[in-house]
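Engineer:
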Amino acid sequence: MERLGPSRTSRADGAHTPPPSPPRGRVRLGGIGIDPVTEAEAVRRVVDALESGRGGAIVTPNVDIAAAVRRDPDLRALVLEADLVVADGAPLVWASRLAGDPLPARVAGSDLVWSLSAAASERGLRVALLGGTPDGAARPTERAAEVLESRYPGLKVVGAWCPPMGFDRDASQWSALVDRVTAAAPDLVYVGLGFPKQERVMSRLRPAAPTAWFLGCGASVDFIAGYRRRAPKWMQRTGTEWLFRMCSEPRRLASRYLRVGVPEVCRLFAEAVRSRR
Numbered sequence: 243m244e245r246l247g248p249s250r251t252s253r254a255d256g257a258h259t260p261p262p263s264p265p266r267g268r269v270r271l272g273g274i275g276i277d278p279v280t281e282a283e284a285v286r287r288v289v290d291a292l293e294s295g296r297g298g299a300i301v302t303p304n305v306d307i308a309a310a311v312r313r314d315p316d317l318r319a320l321v322l323e324a325d326l327v328v329a330d331g332a333p334l335v336w337a338s339r340l341a342g343d344p345l346p347a348r349v350a351g352s353d354l355v356w357s358l359s360a361a362a363s364e365r366g367l368r369v370a371l372l373g374g375t376p377d378g379a380a381r382p383t384e385r386a387a388e389v390l391e392s393r394y395p396g397l398k399v400v401g402a403w404c405p406p407m408g409f410d411r412d413a414s415q416w417s418a419l420v421d422r423v424t425a426a427a428p429d430l431v432y433v434g435l436g437f438p439k440q441e442r443v444m445s446r447l448r449p450a451a452p453t454a455w456f457l458g459c460g461a462s463v464d465f466i467a468g469y470r471r472r473a474p475k476w477m478q479r480t481g482t483e484w485l486f487r488m489c490s491e492p493r494r495l496a497s498r499y500l501r502v503g504v505p506e507v508c509r510l511f512a513e514a515v516r517s518r519r
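The sequence shown runs 243 to 519 under the working numbering.
1. Looking only at DSSP bridge pairs, what is Arg348 linked to?
2. Quick one: grab the DSSP three-state call for Arg339.
3. Tell me, please, whether the stretch 447-455 touches the stretch 285-298 by the rule of three or more beta-carbon pairs shorter than 8 Å.
4. So is Leu326 buried or exposed if we call it buried at 16+ other beta carbons inside 10 Å?
5. Would you call Pro492 buried or exposed, if buried means 16 or more other Cβ atoms sit within 10 Å of its Cβ?
6. Answer yes if the stretch 270-286 comes into contact with the stretch 469-487, meaning at least three C-beta pairs across the two stretches below 8 Å, and no otherwise.
7. For Ala386 versus Val463, is the C-beta spacing smaller than 8 Å?
8. Specify the secondary structure class of Val389 as computed by DSSP and reduced to three states.
9. Measure the Cβ-Cβ separation of Val399 and Val369 and say whether it is below 8 Å.
10. Per DSSP, what kind of secondary structure is Tyr499 in: helix, strand or coil?
11. Which ranges does the beta strand (DSSP E) cover as unbroken runs of at least 3 residues, wholly within the stretch 279-335, from first to last along the chain?
12. At a cut of 8 Å, does the stretch 337-353 reach the stretch 407-425 through at least three beta carbon pairs?
13. By the three-class DSSP mapping on this structure, what secondary structure does Phe511 have?
14. With DSSP as the reference, label Phe456 as helix, strand or coil.
15. Using the beta-carbon count (16 or more within 10 Å), is Met444 buried or exposed?
16. Output yes or no for whether 8 Å exceeds the beta carbon distance between Pro405 and Leu419.
17. With DSSP run on the structure shown, which of helix, strand or coil describes Pro264?
18. Measure the CB-CB distance between Val301 and Ala324 and report whether it falls below 8 Å.
19. Answer yes or no: do Ala337 and Leu271 have a C-beta to C-beta separation smaller than 8 Å?
20. Provide the residue span of the alpha helix (DSSP H) that contains Ala467, from first to last.
21. CA-CA distance, Val431 and Gly460?
22. Spell out the partners DSSP gives Trp403 in its beta bridges.
23. Quick check: what's the CA-CA separation for Arg318 versus Arg312?
24. Apart from the five residues on each side of it in sequence, which residues of its chain come closer than 6 Å, Cβ to Cβ, to Gln415?
25. Using 10 angstroms around the beta-carbon of Ser359, count the other beta-carbons present and answer buried if the total reaches 16, otherwise exposed.
26. Could you tell me whether the Cβ atoms of Ala299 and Arg448 are closer together than 8 Å?
27. Take Ile466 as the anchor and find which of Ala282, Ser357, Ala413, Lys439 has the nearest alpha-carbon.
28. Measure the C-alpha to C-alpha separation of Val269 and Ala427 and round it to an integer number of angstroms.
29. Between the Cα of Ala309 and those of Tyr394, Arg518, Lys439, Cys508, spot the shortest distance and give me the residue it belongs to.
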């Protein structure tokens, strides 16, 4: 498997400019670079950076994201600019093994929220949650905050925000969110808005908390709050979590997974075999 080096994307005027250069050592899969780390190593990187006063952002690509990045150079650049990129999808790990440059493990965003929270509780770090799916008067971020504080005594949850749809396009709502983040001064921010919205929001919010680490975690806020069920552990271990999610939300996910996900997995495997040869 080739290590990710500089590549080129096209501007609207036809000129070519290089995307953000990924750190050396990332494994190239489908045109993006993934850091070869375990979950524990990812947590250690974040904690070390926080102790040094350095903020950052974590992106967790799965097959859907790999397919989107393949189609859109701007989304590719959004992933490449992250400080830490980990393989959320098991097929990415399988493809890396096929190519002979294996990633050590799947590192799911839905697992990182727990392991980072455990580390935060031990070190007195401040955590904020942003996102979740609003459900009437219910606020999944608030419920998720309660669950995390109950699981990890001493955890400091300093913000739990579930903004309405379109908040990122409304100047007054965005300004209010920036003020809340600035006042809360979090060390960790879990942003569960789905790709690529959460990554764009993270990029815009970073100046409000420059020493914080932002994690794009998709549906994790809803999982923690109990508003959605995550797949059983055996499905997580065997790489069939996508099947559970598709069966749980067939109208929303079945077409996308079958029309986009399956072809992308085939492309990843074919590229891996060609790379190894």
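From the three backbone atoms N, C-alpha and C, an ideal C-beta is built for every residue, glycine too.
Source: prediction; values computed, not measured.
Structural biologist: Checking against the coordinates, here is how it stands:
1. Looking at the DSSP assignment, Arg348 forms no beta bridge with any residue, so it has no partner.
2. Residue state for Arg339 is assigned as helix, using DSSP reduced to three classes.
3. Short answer: they touch.
4. By the neighbour-count rule (16 or more Cβ atoms within 10 Å), Leu326 is buried.
5. Counting C-beta atoms within 10 angstroms of its own C-beta, Pro492 has fewer than 16 neighbours from the protein chains shown and is therefore classed as exposed.
6. Cβ pair count under 8 Å is below three, so no.
7. Yes, the pair counts as a contact, with Cβ atoms nearer than the cut-off.
8. Under the three-state reduction of DSSP, Val389 is assigned to helix.
9. In this structure, Val369 lies closer than 8 Å to Val399 by Cβ.
10. Note: Tyr499 maps to helix in three-state DSSP.
11. The stretch 279-335 contains these whole beta strand (DSSP E) runs: 298-301.
12. Contact fails between the stretch 337-353 and the stretch 407-425, because fewer than three Cβ pairs, one in each stretch, are under 8 Å apart.
13. Note: Phe511 maps to helix in three-state DSSP.
14. In the three-state scheme derived from DSSP, where H, G and I count as helix and E and B as strand, Phe456 is classed as strand.
15. Buried, by the Cβ-count rule.
16. The criterion of a C-beta distance shorter than 8 Å is satisfied by Pro405 and Leu419.
17. Residue placement at Pro264 is flagged as unreliable, the pLDDT there being 46, under the threshold of 50; a coordinate-derived value is accordingly withheld.
18. Yes, the pair counts as a contact, with Cβ atoms nearer than the cut-off.
19. With respect to the 8 Å criterion, Ala337 and Leu271 are classified as neighbours on the basis of their beta carbons.
20. If you look at Ala467, you'll find it in the alpha helix (DSSP H) that goes 462-467.
21. C-alpha separation (whole angstroms): 13 Å.
22. DSSP, once it has assigned bridges, lists Leu372 as partnering Trp403.
23. When rounded, the separation of the alpha-carbon atoms in Arg318 and Arg312 is 7 Å.
24. These residues qualify, in order along the chain: Phe409.
25. With 16 or more other Cβ atoms within 10 Å, it is buried.
26. Yes, the pair counts as a contact, with Cβ atoms nearer than the cut-off.
27. Selected option, being the one with the closest Cα: Ser357.
28. One C-alpha to the other measures close to 33 Å.
29. The residue with the shortest Cα to Cα distance from Ala309 is Cys508.
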